[in-house]
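*Asks:* Numbering (this note's numbering), first residue to last: 146 to 488.
Ideal Cβ positions, reconstructed from N, Cα and C, are used throughout, including at glycine.
From a predicted model like this one, the values you see are computed outputs, not experimental measurements.
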Amino acid sequence: MVIVMTPAATEDELAGVVRHIEAHGGQAFVSRGVTRTIVGVVGSEQVLETLDADGLPGVADTKRITAPYKLVSADNHTKRSTVRVGGVPIGPDTFTLIAGPCAVETPDQTLQSALLAKRAGATLLRGGAYKPRTSPYAFQGLALDGLKILSEVRAETGLPIVTEVLDVTDVDDVAEYADMLQVGARNMQNFGLLQAMGSVGKPVMLKRGLSATYEEWLMAAEYIAQRGNLDVVLCERGIRSYEPSIRNTFDVSAVPMIQALSHLPIIVDPSHAAGRRDLVVPLARAGIAAGADGVMVDVHPDPETALVDGAQALNGASLDELAEAVATLPALMGRTSAAHLAG
Ligand code: PEP
Ligand code: MN
Numbered sequence: 146m147v148i149v150m151t152p153a154a155t156e157d158e159l160a161g162v163v164r165h166i167e168a169h170g171g172q173a174f175v176s177r178g179v180t181r182t183i184v185g186v187v188g189s190e191q192v193l194e195t196l197d198a199d200g201l202p203g204v205a206d207t208k209r210i211t212a213p214y215k216l217v218s219a220d221n222h223t224k225r226s227t228v229r230v231g232g233v234p235i236g237p238d239t240f241t242l243i244a245g246p247c248a249v250e251t252p253d254q255t256l257q258s259a260l261l262a263k264r265a266g267a268t269l270l271r272g273g274a275y276k277p278r279t280s281p282y283a284f285q286g287l288a289l290d291g292l293k294i295l296s297e298v299r300a301e302t303g304l305p306i307v308t309e310v311l312d313v314t315d316v317d318d319v320a321e322y323a324d325m326l327q328v329g330a331r332n333m334q335n336f337g338l339l340q341a342m343g344s345v346g347k348p349v350m351l352k353r354g355l356s357a358t359y360e361e362w363l364m365a366a367e368y369i370a371q372r373g374n375l376d377v378v379l380c381e382r383g384i385r386s387y388e389p390s391i392r393n394t395f396d397v398s399a400v401p402m403i404q405a406l407s408h409l410p411i412i413v414d415p416s417h418a419a420g421r422r423d424l425v426v427p428l429a430r431a432g433i434a435a436g437a438d439g440v441m442v443d444v445h446p447d448p449e450t451a452l453v454d455g456a457q458a459l460n461g462a463s464l465d466e467l468a469e470a471v472a473t474l475p476a477l478m479g480r481t482s483a484a485h486l487a488g
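1) Check each candidate in T195, N221, G346 and L193 and name the one with the smallest Cα separation from D206.
2) Could you pull the DSSP bridge partners for K352 from this structure?
3) Looking only at DSSP bridge pairs, what is I412 linked to?
4) Residues in its own chain within less than 6 Å of A370 by CB, not counting five upstream and five downstream?
5) I'd like the list of long-range same chain contacts for R385, defined as Cβ closer than 6 Å, with 5 residues on each side in sequence excluded.
6) Does DSSP put K347 in a helix, in a strand, or in coil?
7) Give the straight-line distance between the Cα atoms of T182 and A451, rounded to the nearest whole angstrom.
8) For M342, does the three-state DSSP call read helix, strand or coil?
9) What's the gap between the Cα of V298 and the Cα of T255?
10) How about V307 and L269: are their beta carbons less than 8 Å apart?
11) So is the beta-carbon of D454 under 7 Å away from any non-hydrogen atom of ligand 2?
12) At the level of alpha carbons, what is the spacing between A434 and L409?
13) Taking the straight line between their C-alpha atoms, what separation do you get for V163 and L295?
14) For the region 267-317, which segments carrying the beta strand (DSSP E) assignment without a break, of at least 3 residues, lie completely within its bounds, in sequence order?
15) To which residues of the same chain is Q191 closer than 7 Å at the C-beta, ignoring the five residues directly before and after it?
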């Protein structure tokens, strides 16, 4: 069961609802979103039937939700949610471009990438300081030094930062610098990390696992919501298939399916889906046409020398093509570009 508080509900009223649930033998999980607070109730059938929370002060509504993911389900949501990242909206009315280097390598490379991103219409900067690499011999990222570079580039360009957290032990460091924390595909079911995202106090981007079903992905989002954070954006980044010529198979169906199942925003990452530059813009267009709330792409000032994922990084003509797509297509889908909102 979920209990939806009124927008004007006070902390005392919220505490009263939590006490009421606990007095009836249930467990209460408070989740705070941008527009409202929801209390998830876990308990036996008898607890839920006798709870009678409808008339309590500050309560707008109580709902029984049949989906296994209660807090992120689309059930009883008339409108999908908007998540704000350093003031930049990601949601159903807008279109948001996130761009930047796969990995932070040097201050200059990061700044040049951010300027390319901005020129293409991005309002958020991506860049990994902690990199999940298949090989332990590959560049693992600059860690804390990388976070510091990102924050200097944010100060210079005004672009809020999206960056990955790989491990529970790094959460505090990453949260100190990031505007949004990314949980990567390989960590989608790292339940300890998901739980830590519940109390991180910043929005989270949750990438789809390499072979995750929609339900597994939404249950992973539910972990974050159930621990207190409703500001979760889902990111489709391609799934493992049997086709070896592309890195992953971009599942465009994920966009309308997730929007039918959940109220959370969903964006697409055509760079990590394709793994090759020439496919990134066509897949980005497909994502926008399918109704994605945003697109995230890798860019690099000199892809030939990139330490990570240079083959998929946009630059020059390919980036101009992306800029053209994000300047024209979202409007056809009834969306305002976040770049225009930022002025
Ligand atoms: C990334 O965005 O840099 C990344 C590692 O993505 P994924 O987790 O989707 O592979
Ligand atoms: Mn990458």
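*Replies:* The short version:
1) N221
2) C380
3) In the DSSP assignment, I412 is bridged to C380 and G439.
4) S176, L216 and V217
5) L355 and S356
6) coil
7) 43 Å
8) It is helical.
9) 7 Å
10) yes
11) yes
12) Spanning the alpha carbons of A434 and L409 requires a straight line of approximately 18 Å.
13) Going from the Cα of V163 to the Cα of L295 covers about 40 Å.
14) 269-271 and 306-309
15) none
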